[in-house]
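Following: one structure in structure tokens, then a few remarks.
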Amino acid sequence: MFSKWKSKKEEKHTEHTIEIMAPISGESVPLAQVPDETFAGGHMGNGIAIKPSEGILKAPFDGRVAHIVKSSHAVILEHSSGMQLLLHIGIDTVSLKGNGFVSHITSGDQVKAGQTLIEFDLDVIRAAGCDTISPVIVTSTEENPPQVSGHYGQVTAGQDLILTVASK
């Protein structure tokens, strides 16, 4: 009788690992390199940043578009586990009011890994004086946030692992 109780309790404490592929091709770097304290300080959550080499944001996993910002510079994707990932293109790009961004998604859409979500013009972003570095953040309001491990270096969207997320 107690063995069943124990196994149910152990089930609650099993760890789930989610592998997140690069949503943008370029160079993945620690979040601390983002020139914005909100991201660099981890105030939005843990993650990584990518210095883009091309202007295409792809889905890093199968999931649902939880929210897309009206100006198309940021999107929150939700994994089937409930984990949410903020994909933010550039810094201070909200000031562009959508100029240079073409969204291929709307809130509530189901997306597949590798699907193009947003196209963005790196030259337009730079010309406006904005940094193109793009944070990829595991958002968490949990008391015990998930463990997030970053993988750094040159990455190709949809092909290279950038984050490993372990949650209980």
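Residue numbering for the sequence shown follows UniProt numbering, starting at 1 and increasing by one per position.
Each residue gets a CB set at the ideal place from its N, CA and C atoms; glycine is no exception.
Since the model is a prediction, treat every value here as computed from it, not as a measurement.
Next on the checklist: Please classify THR106 as buried or exposed, where buried requires at least 16 neighbouring CB atoms within 10 angstroms.
Outcome noted: It is exposed - the Cβ of THR106 has fewer than 16 other Cβ atoms within 10 Å.
Next on the checklist: Just to confirm before moving on: does the CB-CB distance between VAL148 and LEU161 stay below 7 Å?
Outcome noted: The answer is no: Cβ separation not under 7 Å.
Item to check | Beta-carbon contacts of ALA113 that lie in its chain and below 6 Å, excluding the five residues immediately before and after | outcome: Excluding sequence neighbours, ALA113 sits near ALA59, PHE61, ASP62.
Checklist entry - Going straight from the alpha carbon of ALA157 to that of GLY42, what length do you get? => result Cα to Cα, ALA157 sits roughly 23 Å from GLY42.
Next on the checklist: Assuming the contact rule is C-beta atoms closer than 8 Å, GLY150 and ILE48 should be a hit. Round their C-beta distance to whole Å, please.
Outcome noted: Between ILE48 and GLY150 the Cβ distance is about 4 Å, and since that is below 8 Å, they are a contact.
Checklist entry - Can a CB atom of chain B be found closer than 7 Å to the CB of ASN144? => result Judged by its chain identifiers, the structure shown contains no chain B, having just a single protein chain.
Item to check | PRO52 and SER134 closer than 7 Å at C-beta | outcome: A contact, by the Cβ cut-off of 7 Å.
Checklist entry - Do you know how far the Cα of SER80 is from the Cα of HIS16? => result Per the coordinates, the alpha-carbon of HIS16 lies some 12 Å from the alpha-carbon of SER80.
Item to check | Separation of THR38 from LEU77, as counted between CA atoms | outcome: Each residue's alpha carbon lies about 20 Å from the other.
Checklist entry - How about the segment 25-34 and the segment 118-128: do they share at least three Cβ pairs that are nearer than 8 Å? => result They do not touch, by the three-pair rule.
Item to check | Cβ-based neighbour list, ALA22, same chain, cut-off 6 Å, excluding 5 preceding and 5 following | outcome: Counting only Cβ-Cβ distances below 6 Å, and skipping sequence neighbours, we find VAL155, ALA157, ASP160, ILE162.
Item to check | Neighbourhood of ASP121 by C-beta, 8 Å cutoff - its chain only, sequence neighbours within 5 removed | outcome: Within its own chain, the residues whose Cβ lies closer than 8 Å to the Cβ of ASP121, once the five positions on either side in sequence are excluded, are GLY55, GLY100, PHE101, listed in chain order.
Item to check | ALA40, enclosing beta strand (DSSP E) - first and last residue | outcome: Looking at the DSSP string, ALA40 is not in any beta strand (DSSP E); the run it does join, the alpha helix (DSSP H), is 37-40.
Item to check | Rounded C-alpha distance that separates VAL34 from ALA40 | outcome: Approximately 5 Å, taken between the alpha carbons.
Next on the checklist: Looking at HIS73: is its Cβ nearer than 7 Å to the Cβ of VAL94?
Outcome noted: In this structure, VAL94 lies closer than 7 Å to HIS73 by Cβ.
Next on the checklist: Using only the alpha-carbon positions, how far apart do VAL111 and GLY90 sit?
Outcome noted: Taking the straight line from one Cα to the other gives about 22 Å.
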